[in-house]
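What follows is one structure encoded as structure tokens, with my remarks underneath.
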Amino acid sequence: AYTKPWQGIPQLNFGEYTKVEPSKEEIPGTQEIKKCKVDELKSGLGSVEIVAKILSVKEKEVDVGGKKKKVYFGIIADETGKAQFTSWHDFNLKEGEVARITGGYVKSWRGIPQLTFDEKCKVEKMSSKEIKEVNIKKYRLWELVEKGGALDVEVEGNVIEIKDGSGVIVRCPQCNRVLFDGKCKIHGSVKGIYDLRAKIVLDDGTGAVNVIINRALTEKILDKNLDELKKLYDESEDKVNDMIRDTLLAKKIKVVGNALRNGFGTTILARKIDKVEIDIKEETKRLLQEVREVSTSYET
Numbered sequence: 496a497y498t499k500p501w502q503g504i505p506q507l508n509f510g511e512y513t514k515v516e517p518s519k520e521e522i523p524g525t526q527e528i529k530k531c532k533v534d535e536l537k538s539g540l541g542s543v544e545i546v547a548k549i550l551s552v553k554e555k556e557v558d559v560g561g562k563k564k565k566v567y568f569g570i571i572a573d574e575t576g577k578a579q580f581t582s583w584h585d586f587n588l589k590e591g592e593v594a595r596i597t598g599g600y601v602k603s604w605r606g607i608p609q610l611t612f613d614e615k616c617k618v619e620k621m622s623s624k625e626i627k628e629v630n631i632k633k634y635r636l637w638e639l640v641e642k643g644g645a646l647d648v649e650v651e652g653n654v655i656e657i658k659d660g661s662g663v664i665v666r667c668p669q670c671n672r673v674l675f676d677g678k679c680k681i682h683g684s685v686k687g688i689y690d691l692r693a694k695i696v697l698d699d700g701t702g703a704v705n706v707i708i709n710r711a712l713t714e715k716i717l718d719k720n721l722d723e724l725k726k727l728y729d730e731s732e733d734k735v736n737d738m739i740r741d742t743l744l745a746k747k748i749k750v751v752g753n754a755l756r757n758g759f760g761t762t763i764l765a766r767k768i769d770k771v772e773i774d775i776k777e778e779t780k781r782l783l784q785e786v787r788e789v790s791t792s793y794e795t
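According to our numbering, the sequence shown holds residues 496 to 795 in order.
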């Protein structure tokens, strides 16, 4: 016999040369169902039961073993957070519905948990009252770093570094990679497309993450559009980067976006950014409270 994966699940295969005979050994019972909240989903969990709201659902056709098969994917959520899902069976899921999904398993993509289920699983439509209001999940950075990845997170922290690769950049029109000396490492010399971004490091005292800020948000932060910034870039490549440093470095900001885990740690793809005005008195109270909590934990 031999094994190979199918849809992320090990599959046992045997043929005419495989020997099969009865065994007196006892087989352990099936895995117990584990009831979870969305923020408890972790790669490797099996036999999961979850009650969640369907925030989005889409359909696509894929090739499985030379045959066309429909697969359904989207976002589920409860009051603890959001996650991706993939269904290999049409359960007629609709956006806005609440469903209890029993028997699914969890894998992850770049740290973001993904619930997968098929026709062997049980899906029941539930009352919308089963789910409390779905909000953006707020994290301390150490929590997010420990978790690795998550959808729709909110964090606050101080900008401690503006990374290389910020400012005006030029991308390959075919693969969107950043060009270096007018060349794409895949497509060679090409006529690039100008773009804009900021790459920063955010620290809240408990941990640090990378944040990538797209063109639209960077234009908003700098109060200039790409054409205006390109003129400055043509004069000197440092001018735009200096503007980003003057605007963001050592400032406290709030970031909302998706957090991904890669070889460089945890990175947030920002969807929204706001500067945070610091209330000195409140910040002092908060820091003193944290010191007390740390002191108490050491004493106990």
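No residue lacks a Cβ here, since even glycine has one placed at the ideal position from N, Cα and C.
Keep in mind it's a predicted model, so treat the numbers as computed, not measured.
Practice task
State the Cα-Cα distance for the pair ARG710 and LEU691, rounded to the nearest angstrom.
Solution key: Your numbering for residue 710 matches position 215 in the sequence shown. Your numbering for residue 691 matches position 196 in the sequence shown. Cα to Cα, ARG710 sits roughly 5 angstroms from LEU691.
Problem - First through last residue of the alpha helix (DSSP H) which encompasses LEU674 - result: As a working mapping, residue 674 is identified with position 179 in the sequence shown. Here LEU674 belongs to no alpha helix (DSSP H), and DSSP marks it neither H nor E.
Practice task
Would you check if the segment 652-672 and the segment 685-704 touch, i.e. whether three or more CB-CB distances between them fall below 8 angstroms?
Solution key: Yes: the two stretches touch, three or more of their Cβ pairs being nearer than 8 angstroms.
Problem - Cβ pair ALA754, VAL648 closer than 8 angstroms - result: Translated into positions along the sequence shown, residue 754 becomes position 259. Translated into positions along the sequence shown, residue 648 becomes position 153. Cβ atoms of ALA754 and VAL648: closer than 8 angstroms.
Practice task
Return yes when the Cβ of VAL618 is within less than 8 angstroms of the Cβ of VAL543, no when it is not.
Solution key: Numbered from 1 along the sequence shown, position 48 holds the residue referred to as residue 543. Numbered from 1 along the sequence shown, position 123 holds the residue referred to as residue 618. No, Cβ-Cβ distance for VAL543 and VAL618 is not below 8 angstroms.
Handout entry: Contact between the segment 717-734 and the segment 636-648 (3+ Cβ pairs under 8 angstroms)
Key = no
Problem - CB contact below 8 angstroms: GLU628 versus chain D - result: Although the question refers to chain D, the structure presented lacks it and comprises just one protein chain.
Practice task
Report the three-state DSSP secondary structure of TRP583 (helix, strand or coil).
Solution key: Residue 583 sits at position 88 when you count from the first residue of the sequence shown. The answer is coil: DSSP assigns TRP583 none of H, G, I, E or B.
Exercise for the section: With a 10 Å radius around its C-beta and 16 neighbouring C-beta atoms as the bar for buried, classify PHE813 as buried or exposed. Expected result: Only positions 496 to 795 of the chain appear in this structure, which leaves residue 813 out of reach.
Handout entry: LYS500 - partner residues in DSSP beta bridges
Key = For the purposes of this step, residue 500 is taken as the residue at position 5 of the sequence shown. Inspection of the sequence shows that residue 500 is occupied by Pro rather than by Lys. Answer is PRO505.
Problem - CA-to-CA distance, SER790 to VAL559, given in whole angstroms - result: The sequence position of residue 559 within the sequence shown is 64, counting from 1. The sequence position of residue 790 within the sequence shown is 295, counting from 1. Distance between the alpha carbons of VAL559 and SER790 is about 57 angstroms.
Handout entry: CB of LEU717 within 8 angstroms of CB of MET738, strictly
Key = Taking the first residue of the sequence shown as 1, we reach residue 717 at position 222. Taking the first residue of the sequence shown as 1, we reach residue 738 at position 243. It is a contact, given that the beta carbons lie within the stated cut-off.
Practice task
Measure the CB-CB distance between THR762 and VAL704 and report whether it falls below 8 angstroms.
Solution key: What you label residue 762 is simply residue 267 of the sequence shown in a count that begins at 1. What you label residue 704 is simply residue 209 of the sequence shown in a count that begins at 1. Closer than 8 angstroms, so yes.
Exercise for the section: Kindly provide the ranges of any alpha helix (DSSP H) runs that are 4 or more residues long and lie completely inside the segment 577-650, ordered along the chain. Expected result: 636-642
Practice task
Closer than 7 angstroms by C-beta to ILE707: which residues in its own chain qualify, once you throw out the five before and the five after it? Chain order, please.
Solution key: Walking along the sequence shown from the start, residue 707 turns up at place 212. Around ILE707: ARG692, LYS694, THR762, LEU764, ALA765.
Problem - Check whether ALA745 and ASN653 have beta carbons under 8 angstroms apart - result: Position 250 of the sequence shown holds residue 745. Position 158 of the sequence shown holds residue 653. Yes, Cβ-Cβ distance for ALA745 and ASN653 is below 8 angstroms.
Handout entry: Same chain, Cβ closer than 7 angstroms to THR713, neighbours up to 5 away in sequence not counted
Key = Position 218 of the sequence shown, counting from 1, holds the residue named residue 713. These residues qualify, in order along the chain: LEU691, ARG692, ALA693.
Practice task
Using only alpha-carbon positions, find the residue among ALA594, PRO668, VAL515 that is nearest to ALA572.
Solution key: Residue mapping note: residue 572 aligns to position 77 of the sequence shown, counting from 1. Relative to ALA572, the option among ALA594, PRO668, VAL515 whose CA is nearest is ALA594.
Problem - Nearest neighbour of VAL735, chosen from LYS747, ILE748, LEU721 [CA to CA] - result: Within the sequence shown, residue 735 is the residue found at index 240, counting from 1. Of the residues LYS747, ILE748, LEU721, the one whose Cα lies closest to the Cα of VAL735 is LEU721.
Handout entry: Proximity below 8 angstroms, CB of LYS747 to CB of VAL771
Key = Residue numbering aside, residue 747 sits at position 252 when the sequence shown is read from its first letter. Residue numbering aside, residue 771 sits at position 276 when the sequence shown is read from its first letter. Against a cut-off of 8 angstroms, the Cβ pair of VAL771 and LYS747 comes out as a contact.
Practice task
Can you say whether THR513 is buried or exposed, counting buried as having 16 or more other CB atoms within 10 angstroms of its CB?
Solution key: Sequence index remark: in the sequence shown, residue 513 carries index 18 (1-based). THR513 is exposed by the Cβ-count criterion.
Problem - Chain-order list of residues whose beta-carbon lies under 8 angstroms from that of SER622 (same chain, five-residue window excluded) - result: To locate residue 622, count along the sequence shown from 1; it is residue 127. Around SER622: VAL593.
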